[in-house]
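Chemist: Dropping the structure in here first, questions after.
2 protein chains.
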Amino acid sequence: MFSQSEENYIKAIYHLETISNAGISTNAIAKKLTTKASSVSDMIKKLSEKKLVVYKKYQGVKLTDYGKKTAANIVRKHRLWEVFLVEKLNFSWDEVHDVAEQLEHIKSPKLINQLDALLGFPTHDPHGDPIPDKDGNLKTIEKSLLSSLHKNESGICVGVDDSSSEFLRFLDKKGITLGKTITILEKEDFDDSLSIQMDDKRFSISNKIANNLYMKK
Amino acid sequence: MFSQSEENYIKAIYHLETISNAGISTNAIAKKLTTKASSVSDMIKKLSEKKLVVYKKYQGVKLTDYGKKTAANIVRKHRLWEVFLVEKLNFSWDEVHDVAEQLEHIKSPKLINQLDALLGFPTHDPHGDPIPDKDGNLKTIEKSLLSSLHKNESGICVGVDDSSSEFLRFLDKKGITLGKTITILEKEDFDDSLSIQMDDKRFSISNKIANNLYMKK
DNA sequence: ATAAATATTTAGACATGGCTAAAAATAGAT
DNA sequence: ATCTATTTTTAGCCATGTCTAAATATTTAT
């Protein structure tokens, strides 16, 4: 069993690895967890002793297979709880993160398996992120940023990159939710904003937004 | 906000107060939490500083109104989660305690209110214990120990005193669940065992069992 | 190749919450 | 009333996880 702190570090490293491949630097972890590099340095030693990460001084860390499996399990719990909060408890997608952050540390395999069943074995969380299965495998779906679509191309919104509540509430205001079909009407070279069509409405969105929305073509 | 440790102490004192009225001794708390008196002594100081308990050296503690409300809220969470586990996740009544013990520390008022609604605002947990409302009030129902019923009296099983999984599994084996009607056929002076009738069956149960079952006449 | 900037680690401190062993206070028995 | 047994508190130590400040290693720029 791991402490909540250990689990948070494992998860942070896991998320950072999905972005960079290379060894994860002490500083990157510190930034992600808004803590100090010295604290990270201490914890890395501990995780290394527990065979969760491979660590060579001054060279960053990598999760071992065991570490990856452990991380995937935490992520699985986090995302299943998010689905539960939205589907069963009427939370909106911008409210779930902090609570799931607590719930993910509950230790009970039966709880998670039954929750999975109650929810109908969901494959994605409310932000479109995939839910790892019991063995830690996750099927990534083919997706591209909205900003990478070309003029006159269409896609279905399948996820968000930034899942801060600010961004999510902004999307709510615009009526953009997972599953919506969006068509690029025009790309403005000037500011990289996009004119799009969604349902029967046409409006324009900034590049910043387009860079945070994942689409399936 | 309180730490998990603090919450566990508050809850322990709350439960002890339902039994004894008088100030709760350091030793009693230590025993309940299977910890040492010295640790309790330290924690009591802290809870006292936080106005959760009133404490005079060598005289035990009492919860303040604020402490009682805090405790009732933790108990509310614990019992709602127990209902959830049984009703929605197919846990049996002997499996819920340890998981609820973890879940009760999750901080999110919305979570608990929505959970309450999802479960249909239950008034009792799977062991027959009442669930405090949002303000910490709980309606106690009139109940007596099975061992206090007289010959030929009948009652409906409404709760258990000992909710250890051993005892609960024993009850399962005997087919005794909440809601069952039990009639006393005979009381044996010899060993205080009881001959009872339940459904169409007649069998005998020991005094130990009868002392742990609550009945509504 | 070396100096400056950046990143990482170590050393030492602090807070929480637990423990043991010893001291102090209270309660009980005579 | 006093001595004994019990309870409670204190003192001091340990582990976890955090921090700051200082030392050390690495990278970058010239």
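First to last, the sequence lines map onto chains A and B.
Residue 947 in our numbering sits at position 87 of the first sequence, and the numbers go up by one each step.
Residue 977 in our numbering sits at position 117 of the second sequence, and the numbers go up by one each step.
Glycine is no exception: its CB is placed at the ideal position from the N, C-alpha and C atoms.
Taking its Cβ as the centre, do 16 or more other Cβ atoms sit within 10 Å of residue 905 of chain B, making it buried, or is it exposed?
Modeler: What you label residue 905 of chain B is simply residue 45 of the second sequence in a count that begins at 1. Looking at its Cβ environment, which holds fewer than 16 other Cβ atoms inside 10 Å, residue 905 of chain B is exposed.
Chemist: Can you grab the Cα-Cα spacing for the pair residue 1000 of chain A / residue 1043 of chain A, in whole Å?
Modeler: Indexing the first sequence from 1 puts residue 1000 of chain A at position 140. Indexing the first sequence from 1 puts residue 1043 of chain A at position 183. Rounded to the nearest angstrom, the two C-alpha atoms are 23 angstroms apart.
Chemist: If you reduce the DSSP assignment to three classes, tell me which class residue 915 of chain A lands in.
Modeler: Residue mapping note: residue 915 of chain A aligns to position 55 of the first sequence, counting from 1. Correct three-state label for residue 915 of chain A: strand.
Chemist: Using a Cβ-Cβ cutoff of less than 6 angstroms, which residues in the same chain neighbour residue 913 of chain B once the five nearest sequence positions on both sides are dropped?
Modeler: The sequence position of residue 913 of chain B within the second sequence is 53, counting from 1. Excluding residues within five positions, the ones whose Cβ falls inside 6 angstroms are 907, 921, 923, 927.
Chemist: Between the beta-carbon of residue 1083 of chain B and the beta-carbon of residue 1061 of chain B, is there less than 8 angstroms?
Modeler: The question about residue 1083 of chain B has no answer here: the residues shown for chain B are numbered 861 through 1077.
Chemist: Quick one: grab the DSSP three-state call for residue 1016 of chain B.
Modeler: On the second sequence, position 156 is the one that residue 1016 of chain B refers to. Strand, per DSSP.
Chemist: Helix or strand or just coil, what does DSSP make of residue 1004 of chain B?
Modeler: Indexing the second sequence from 1 puts residue 1004 of chain B at position 144. DSSP places residue 1004 of chain B in strand when its eight states are reduced to three.
Chemist: Distance check for residue 1074 of chain A and residue 1008 of chain A, CA to CA, integer angstroms please.
Modeler: For this step, residue 1008 of chain A is matched to residue 148 along the first sequence. For this step, residue 1074 of chain A is matched to residue 214 along the first sequence. Taking the straight line from one Cα to the other gives about 10 angstroms.
Chemist: Name the two residues that bound the continuous beta strand (DSSP E) containing residue 1046 of chain A.
Modeler: Residue mapping note: residue 1046 of chain A aligns to position 186 of the first sequence, counting from 1. Here the beta strand (DSSP E) through residue 1046 of chain A covers 1041 to 1047.
Chemist: Does any C-beta atom of chain A lie closer than 8 angstroms to the C-beta of residue 940 of chain B?
Modeler: Within the second sequence, the letter at position 80 stands for residue 940 of chain B. So no, residue 940 of chain B is outside the interface.
Chemist: Between which two residues does the beta strand (DSSP E) harbouring residue 1079 of chain A extend?
Modeler: Residue 1079 of chain A is absent from the structure shown; chain A starts at 861 and stops at 1077.
Chemist: What residues in its chain sit with their C-beta under 6 angstroms from that of residue 807 of chain B, if we drop five residues either side in the sequence?
Modeler: Nothing can be reported for residue 807 of chain B: it is not among the residues displayed for chain B, which extend from 861 to 1077.
Chemist: With a cut-off of 8 angstroms, do at least 3 Cβ pairs link the segment 878 to 888 of chain B to the segment 1025 to 1040 of chain A?
Modeler: Touching, no, given that fewer than three Cβ pairs across the two stretches are closer than 8 angstroms.
Chemist: Could you name the residues of chain A that residue 959 of chain B contacts, counting a contact when the two beta carbons are closer than 9 angstroms?
Modeler: Counted from its first residue, the second sequence places residue 959 of chain B at position 99. Result: 966, 967, 968, 970, 971.
Chemist: Alpha carbon to alpha carbon, how far is residue 1056 of chain A from residue 1063 of chain A? Give it in angstroms, no decimals.
Modeler: By 1-based counting over the first sequence, the position of residue 1063 of chain A is 203. By 1-based counting over the first sequence, the position of residue 1056 of chain A is 196. Computed Cα separation, rounded: 6 angstroms.
Chemist: Does the beta carbon of residue 963 of chain B sit closer than 8 angstroms to a beta carbon anywhere in chain A?
Modeler: Mapped onto the second sequence, residue 963 of chain B falls at position 103. Taking Cβ atoms only, chain A reaches closer than 8 angstroms to residue 963 of chain B, which makes this a yes.
Chemist: Could you work out which residues of chain B lie near residue 919 of chain A, taking near to mean beta carbons separated by less than 8 angstroms?
Modeler: Residue numbering aside, residue 919 of chain A sits at position 59 when the first sequence is read from its first letter. Chain B residues near residue 919 of chain A: none, gap ~36 angstroms exceeds 8 angstroms.
Chemist: Compare the C-alpha of residue 1069 of chain B against each of B/1030, B/1058, B/1050, B/984 and name the closest.
Modeler: Residue numbering aside, residue 1069 of chain B sits at position 209 when the second sequence is read from its first letter. The residue with the shortest Cα to Cα distance from residue 1069 of chain B is B/1030.
Chemist: Where does residue 971 of chain B fall in DSSP's three states?
Modeler: On the second sequence, position 111 is the one that residue 971 of chain B refers to. Helix.
Chemist: Can you list, in chain order, the residues of its chain with a C-beta nearer than 6 angstroms to that of residue 929 of chain A? Leave out the 5 residues immediately preceding and following it.
Modeler: On the first sequence, residue 929 of chain A is found 69 positions in, with the first residue counted as 1. Excluding residues within five positions, the ones whose Cβ falls inside 6 angstroms are 996.
Chemist: Relative to the C-alpha of residue 1067 of chain B, which residue among B/1053, B/1059, B/1058 is closest?
Modeler: Position 207 of the second sequence, counting from 1, holds the residue named residue 1067 of chain B. Residue 1067 of chain B has its Cα closest to that of B/1053, out of B/1053, B/1059, B/1058.
Chemist: Give the range of the beta strand (DSSP E) segment to which residue 923 of chain B is assigned.
Modeler: In the second sequence, the residue the question calls residue 923 of chain B occupies position 63. 921 to 923 is the span of the beta strand (DSSP E), which, as asked, contains residue 923 of chain B.
Chemist: Any heavy atom of the ligand HEM closer than 7 angstroms to the beta-carbon of residue 952 of chain A?
Modeler: For the ligand HEM, the structure offers nothing, since it holds no ligand at all.
Chemist: Assuming contact is defined by CB atoms lying nearer than 8 angstroms, are residue 893 of chain A and residue 884 of chain A in contact in what I supplied?
Modeler: Looking up residue 893 of chain A in the first sequence gives position 33. Looking up residue 884 of chain A in the first sequence gives position 24. No, these two residues do not count as a Cβ contact at 8 angstroms.
Chemist: Kindly indicate which three-state DSSP category residue 1025 of chain A falls into: helix, strand or coil?
Modeler: Taking the first residue of the first sequence as position 1, residue 1025 of chain A is located at position 165. Three-state result, residue 1025 of chain A: helix.
Chemist: For a contact meaning CB atoms closer than 7 angstroms, what does residue 948 of chain A contact in chain B?
Modeler: The residue labelled residue 948 of chain A in the question sits at position 88 within the first sequence. By Cβ distance, chain B contributes 978.
Chemist: Buried or exposed: where does residue 1049 of chain B fall if 16 or more other Cβ atoms within 10 Å of its Cβ makes it buried?
Modeler: As a position in the second sequence, residue 1049 of chain B is number 189, starting the count at 1. Burial call: exposed.
Chemist: In angstroms, rounded to a whole number, what distance separates the CA positions of residue 1021 of chain A and residue 1071 of chain A?
Modeler: For the purposes of this step, residue 1021 of chain A is taken as residue 161 along the first sequence, with counting starting at 1. For the purposes of this step, residue 1071 of chain A is taken as residue 211 along the first sequence, with counting starting at 1. If you take the alpha carbons of residue 1021 of chain A and residue 1071 of chain A, they lie about 8 angstroms apart.
Chemist: What residue from B/981, B/1046, B/902 has the CA that sits closest to residue 947 of chain B's CA?
Modeler: Along the second sequence, one-based indexing puts residue 947 of chain B at 87. The residue with the shortest Cα to Cα distance from residue 947 of chain B is B/981.
Chemist: Within 10 angstroms of the Cβ of residue 879 of chain B, are there 16 or more other Cβ atoms? Answer buried if so, exposed if not.
Modeler: As a first step, residue 879 of chain B is located in the second sequence; it is residue number 19 there, counting from the start. Exposed, by the Cβ-count rule.
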